[in-house]
Structures are given as C-alpha cells and as structure tokens.
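Each residue of the sequence shown is one higher than the last, beginning at 3 in the working numbering.
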Amino acid sequence: MKKVKIGIAGLGRLGKVHAQNIAYKIPNAELTAACSIVPAELEYAQKELGISAVYSDYKEMLAKADIDAVAIVTTSSEHCWQIEAALDAGKHVFSEKPLGTDLEQCRKAEAAVERHPDLTFMLGFMRRYDKSYAYAKKKIEEGAIGTPYLVKATGIDPEALVEGAIRFAKTSGGIFLDMAIHDIDLMRWFLGSEATEVYAMGATFKHPEFQAAGDDETGVAVYKFENGAMGMIHVGRTAPHGYHVETEIVGTEGSIRISAVPEKNQARIYGPGGVLTECVGSFPERFEEAYLVEMAEFVDCVCQGRKPGVSVYDGTKSTAVGYATTEAWRTGKPVKIG
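See below:
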C-alpha cells in the first residue's frame, strides 16, 4: 500500500491530536515532517513522533520536505496563505477550521483550490464525522423528523481552560468566528439552506480580560435561513462542569437531540452526593474519534483521487456567516448575510 506522506504545520493541543493520528492510527498515511514556530513543539515532533525533518519556516518545509500533503493546524489567521502556498507547491491540503478570519482571505483560498482541481483540499469540520452527528444527518435525510426548521446549538468551553482562551482572544477572530463556526456549519448542513440574516449579542460577567481584548466570554446569535428555517447559537468559555456541546434539530414531525448531557462515558457514580455523571473535559476528548475519521477520510480521498464532502466553499460560507454574526454582535443590529 502506497502511503501518503504528510507534513504537519502547528503542534499545539489539536495539532498533537492530528499528528498522533497520522503517525500511528491511519495505515495509509505517514508523518514525515513537522513545522512550528515554537521550539518546544519541534522538540516534541523529534522525541515523541520520531520526525527528523522539522522546520521553523513553513515555506521551507514545502520546498524541502519529502511530503505529498500538508495538515495545517496553525493560528486561524494563517490558514489561507498557507493553504495557497501548499497547493501552489503541488501538495494536497487538510486545513483546520476556520478557513479564514475574513472573506478576502477565503476568496484567495478558493482561487487556489480552483487552480488545482487535481489536488485534494479538505476543511476540518470534524463534527460531520462524529458518529452522533452523522447519525442525526442520516435520520433527517430519511425523514425521521419531517422537515427540519430549527437548529439550537450550545458550545461552551470549560472554565478550567479559560486562561488559555484569554491569551488567545486577541488573535482568535472573536468568539463567534472562533467558537461558533462548527455550529454554523452544522446549521447549514442539517437545514439544507443558507443563512440570510443574523442578530447577536454578547456578555462578560466573570472575566473582564475578554472585553479588554475586544471580545466577550459569552455570545448568543439568532439566524434566519433562505427556506424560512431558524437557528439559535449559544457559545461561551466558562462551563464549570467541563466541555459542553449540545445540538437539537427540530422538525415538523419530531426532533433529534445530541449530547444533552456531555457525558464522559456511560458510567454513573452513586454516592453520598447523589448520582454523578462525569463530563468530558475538552474538545479533543469529546471528538477524539471524529478527528481520526476525518483525517482518514482526507487520506483516502488523496489515495483515491476523489473530493471530500467538506469543500472550500463550506469554509467561505461559514466564515461569511461568522463574520456577519461578529458584525451583529459589535453593532447590536440585525445584519443581512450574502
């Protein structure tokens, strides 16, 4: 079996997840190079992953490394130029979300993908590859809940990790681009329609550092879609119990609810304090399997010469919605999308 040789850019928390999957869990993939501007991450690549080809310069990795593809897991604002550079260098590309932090960046990435139709590009909307979300999509397509007309989504990072969120706030693109982009993509996916208008607001009650960075610790947005459907998103960074992700799709004949309680597993602890359900503590834990499935799908697409289900256009459309949501949050007024 011919293996796809992959170089990874970025070895932070999520980068390490992808690197481990590529290196050890996907038979037809091989991790042959790593790039980071953080020396400790390059040391991790050498000692923990056994990679000798490490680079602090992304363009140098593209030019010198023995790779067929790149996995981009860098800061959001760097994604688009790195996508363009890799495709122009003849490499297949997997990029983490969001596609970009503004629409001009996204258009450049689109143009690069269009210039290279022979190369595979995939965006990391991993929730589509989570078995619960994939099952919900299948049931909707089978008509199990009739016509879906409302998606309600909640995504709250744990209070235990809030210091990292505060440090990242200035470069994250804002709470909606940073945290709501997966929910925006899922709304489009489940409803089969595009958002046309949004109203949003935010609040900070616990950590004023977010507002000092021009952001908020909690945000709420309401959407109207082309087909008349609706969407509601609640995102935040201070869940006391763990990493909380919950989605409900309401249809004319029923509803589907995913992860109403963000369970760590099926175990229950019975004790003096009652019955305790432990919760997942982070997104790598909650979506561990989905991250593996999506990367395996990317590698299979490269090997088979086919296009993945998530395209560069999904990234642009979700970014446009996220950008409009951010504008609505800043102005306090409804914003038209499109």
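Heads up, the beta-carbon is just placed ideally off N, CA and C, and yes, glycines get one too. Computed from a predicted structure; not experimentally measured.
Quick check on the burial criterion: 16 or more other C-beta atoms within 10 angstroms. Buried or exposed for residue i?
{"i": "residue 272", "result": "exposed"}
{"i": "residue 49", "result": "exposed"}
{"i": "residue 278", "result": "exposed"}
{"i": "residue 190", "result": "buried"}
{"i": "residue 26", "result": "exposed"}
{"i": "residue 308", "result": "exposed"}
{"i": "residue 276", "result": "exposed"}
{"i": "residue 58", "result": "exposed"}
{"i": "residue 30", "result": "exposed"}
{"i": "residue 119", "result": "exposed"}
{"i": "residue 311", "result": "exposed"}
{"i": "residue 65", "result": "exposed"}
{"i": "residue 334", "result": "exposed"}
{"i": "residue 317", "result": "buried"}
{"i": "residue 315", "result": "exposed"}
{"i": "residue 340", "result": "exposed"}
{"i": "residue 100", "result": "buried"}
{"i": "residue 319", "result": "buried"}
{"i": "residue 40", "result": "exposed"}
{"i": "residue 166", "result": "exposed"}
{"i": "residue 219", "result": "buried"}
{"i": "residue 322", "result": "buried"}
To which residues does DSSP link residue i through a beta bridge?
{"i": "residue 223", "result": "202, 235"}
{"i": "residue 245", "result": "Answer is none; residue 245 lacks a bridge partner."}
{"i": "residue 96", "result": "73, 124"}
{"i": "residue 33", "result": "8"}
{"i": "residue 152", "result": "232, 252"}
{"i": "residue 337", "result": "200"}
{"i": "residue 160", "result": "241"}
By Cβ distance, which residues of its chain are closer than 6 Å to residue i, with the 5 residues on each side in sequence left out?
{"i": "residue 298", "result": "28"}
{"i": "residue 280", "result": "266"}
{"i": "residue 35", "result": "9, 55, 63, 67, 69"}
{"i": "residue 174", "result": "180"}
{"i": "residue 32", "result": "5, 7"}
{"i": "residue 229", "result": "195"}
{"i": "residue 253", "result": "147, 148, 149, 150"}
{"i": "residue 202", "result": "223, 327, 330, 331"}
{"i": "residue 295", "result": "131"}
{"i": "residue 122", "result": "94, 303, 304"}
{"i": "residue 44", "result": "38, 56"}
{"i": "residue 79", "result": "103"}
{"i": "residue 232", "result": "152"}
{"i": "residue 172", "result": "215"}
Tell me which residues share the same chain as residue i and place their Cβ nearer than 8 Å to its Cβ, disregarding the 5 neighbours each side in the sequence.
{"i": "residue 338", "result": "198, 199, 326"}
{"i": "residue 83", "result": "107, 110"}
{"i": "residue 245", "result": "158, 159, 160, 264, 281, 282, 283, 284, 285, 287, 288"}
{"i": "residue 336", "result": "199, 200, 201, 330"}
Counting only the same chain and skipping the five closest in sequence on each side, list residues whose C-beta sits under 7 Å from that of residue i.
{"i": "residue 213", "result": "206"}
{"i": "residue 146", "result": "256"}
{"i": "residue 86", "result": "110, 111, 114"}
{"i": "residue 292", "result": "128, 129, 131, 132"}
{"i": "residue 242", "result": "161"}
{"i": "residue 176", "result": "217, 328"}
{"i": "residue 13", "result": "21, 36, 38, 43, 46, 47"}
{"i": "residue 211", "result": "168"}
{"i": "residue 204", "result": "177, 218, 220, 221, 331"}
{"i": "residue 124", "result": "96, 300, 303, 310, 312"}
Comparing the C-beta of residue i with each C-beta of chain C, is any distance below 7 Å?
{"i": "residue 169", "result": "In summary, chain C is missing from the structure at hand, where a single protein chain is found."}
Taking only heavy atoms of the ligand COA into account, decide whether any of them is closer than 6 Å to the Cβ of residue i.
{"i": "residue 282", "result": "Absence of the ligand COA is noted for the structure shown, with no ligands found whatsoever."}
Ignoring anything shorter than 4 residues or poking outside the segment 45 to 72, list the alpha helix (DSSP H) runs there in chain order.
Entirely contained in the segment 45 to 72, the alpha helix (DSSP H) runs reaching 4 residues are, in chain order, 60 to 66.
Minimum length 3: unbroken beta strand (DSSP E) runs contained in the segment 111 to 146
Listed in chain order, they are 123 to 126.
Counting pairs of Cβ atoms below 8 Å between the segment 123 to 140 and the segment 247 to 267, do you hit three or more?
Three or more Cβ pairs closer than 8 Å define a contact, and the segment 123 to 140 meets that threshold against the segment 247 to 267.
Contact between the segment 233 to 240 and the segment 156 to 171 is defined here as three or more beta-carbon pairs at a separation below 8 Å; is this criterion met?
In short, these stretches touch, since the Cβ pair count reaches three.
Quick one: any contact between the segment 12 to 25 and the segment 46 to 62, if contact means 3 or more CB pairs under 8 Å?
The answer is yes - the segment 46 to 62 touches the segment 12 to 25, with three or more Cβ pairs under 8 Å.
Would you call the segment 63 to 70 and the segment 88 to 95 touching, i.e. three or more CB-CB distances under 8 Å?
By the Cβ criterion, the segment 63 to 70 is in contact with the segment 88 to 95, since at least three pairs of Cβ atoms, one from each stretch, lie closer than 8 Å.
Which runs of the alpha helix (DSSP H) fall wholly inside the segment 234 to 310 and span at least 4 residues, in chain order?
Within the segment 234 to 310, the complete alpha helix (DSSP H) runs of at least 4 residues are 285 to 288, 290 to 306.
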